[in-house]
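J.: Positions 20 to 178 (the numbering used here) are the ones given, in order, by the sequence shown. A virtual CB, placed ideally from N, CA and C, is assigned to each residue, including glycine. Being a predicted model, the structure only gives us computed values, none of them experimental.
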Amino acid sequence: MILADFSDESAINTWYVVNDDVMGGRSDATLKQQDNYMIFKGEISLDNNGGFSSIRSDFKARDISSYSTVVIELKGDGKTYQFRAKTSRYDRQSYVSYVETNGEWQTISINLADLYPVFRGYRMRMANFDGKLLEEIGILFGNKKAEAFELQIKSIILK
Numbered sequence: 020m021i022l023a024d025f026s027d028e029s030a031i032n033t034w035y036v037v038n039d040d041v042m043g044g045r046s047d048a049t050l051k052q053q054d055n056y057m058i059f060k061g062e063i064s065l066d067n068n069g070g071f072s073s074i075r076s077d078f079k080a081r082d083i084s085s086y087s088t089v090v091i092e093l094k095g096d097g098k099t100y101q102f103r104a105k106t107s108r109y110d111r112q113s114y115v116s117y118v119e120t121n122g123e124w125q126t127i128s129i130n131l132a133d134l135y136p137v138f139r140g141y142r143m144r145m146a147n148f149d150g151k152l153l154e155e156i157g158i159l160f161g162n163k164k165a166e167a168f169e170l171q172i173k174s175i176i177l178k
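#1: Spatial neighbours of Tyr56 within its chain, please: CB distance less than 7 Å, with the 5 preceding and 5 following residues excluded, ordered by chain position.
#2: Would you give the residue range spanned by the beta strand (DSSP E) that Asp77 belongs to?
#3: Can you list, in chain order, the residues of its chain with a C-beta nearer than 6 Å to that of Asp66? Leave out the 5 residues immediately preceding and following it.
#4: Assuming contact is defined by CB atoms lying nearer than 8 Å, are Phe101 and Val115 in contact in what I supplied?
#5: Quick one: what's got a C-beta closer than 6 Å to Thr33's C-beta in the same chain, skipping five residues either side?
#6: Out of Val89, Arg103, Asn121 and Lys105, which one is the CA nearest neighbour of Ile175?
#7: Can you tell which of Glu123, Ala23 and Tyr117 has the C-alpha that lies nearest to the C-alpha of Asn130?
#8: What's the C-alpha gap between Asp40 and Gly69?
#9: Is Met42 helix, strand or coil when you go by DSSP?
#10: Return the residue from the list Ala104, Ser87, Phe160 and Ile83 that minimises the CA-CA distance to Ala132.
#11: Enumerate in chain order the residues of its own chain whose CB-to-CB distance from Arg108 is below 8 Å, with the five nearest sequence positions on each side excluded.
#12: Helix, strand or coil for Thr120 per DSSP?
#13: Can you find the residues in the same chain that come closer than 6 Å, C-beta to C-beta, to Lys94, ignoring five residues on each side of it along the sequence?
Here you go:
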């Protein structure tokens with residue numbers, strides 16, 4: 020199941036940026052389509068207890084019970100990002116996996132059952148992602164440092 024394919028230039032229209040300004044922070048980021056990929060880039064600021072930037076795409080809930088893996092084709096800047104999933108966009112928790120980038124194009128595979136629940140940076144005492152429904156996906160950057168970042172994404176697919 021294709022969740023995002025940025026060779027289609029309209030795919031970026033379902034994505035939006037959520038920065039720490041929702042809680043008083045001053046981080047800033049943008050999304051841009053280029054060639055056959057999306058660029059998520061910005062500056063993290065620790066001012067006013069900030070320190071993160073994210074992108075999200077939400078959609079009508081999808082039954083994903085026949086899939087076990089999310090596959091992301093990306094090129095990072097050598098920094099660590101989070102892939103995030105939600106069973107409902109209204110849930111407090113996101114289900115998270117860390118993604119290490121190396122500065123080259125990579126194909127990252129994440130077992131859905133390994134996604135664990137997090138709320139505001141803290142792991143919750145709940146079961147891991149059950150792999151039944153999916154209503155939101157996202158990428159978050161925030162490594163407790165004031166720094167620039169850039170991530171390029173070609174596709175996000177369930178297998």
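T.: According to the data block:
#1: The answer, listed in chain order, is Phe25, Gln171, Ile172 and Lys173.
#2: Counting along the chain, the beta strand (DSSP E) containing Asp77 begins and ends at Ser72 to Asp82.
#3: Arg45.
#4: Residue identity differs from the one stated: residue 101 is Gln in this sequence, not Phe. Here Gln101 is near Val115, since their CB atoms are less than 8 Å apart.
#5: Counting only residues of its own chain and dropping the five nearest sequence neighbours on each side, Thr33 has a CB closer than 6 Å to the CB of Ser76.
#6: Residue Val89 holds the alpha-carbon nearest to the alpha-carbon of Ile175 among Val89, Arg103, Asn121 and Lys105.
#7: When C-alpha distances from Asn130 are compared across Glu123, Ala23 and Tyr117, the shortest belongs to Tyr117.
#8: Taking the straight line joining both Cα atoms gives about 7 Å.
#9: DSSP places Met42 in helix when its eight states are reduced to three.
#10: Of the listed residues, the one whose Cα sits closest to Ala132 is Ser87.
#11: Excluding residues within five positions, the ones whose Cβ falls inside 8 Å are Asp77, Glu154 and Glu155.
#12: Here Thr120 sits in coil by DSSP.
#13: These residues qualify, in order along the chain: Trp124 and Gln171.
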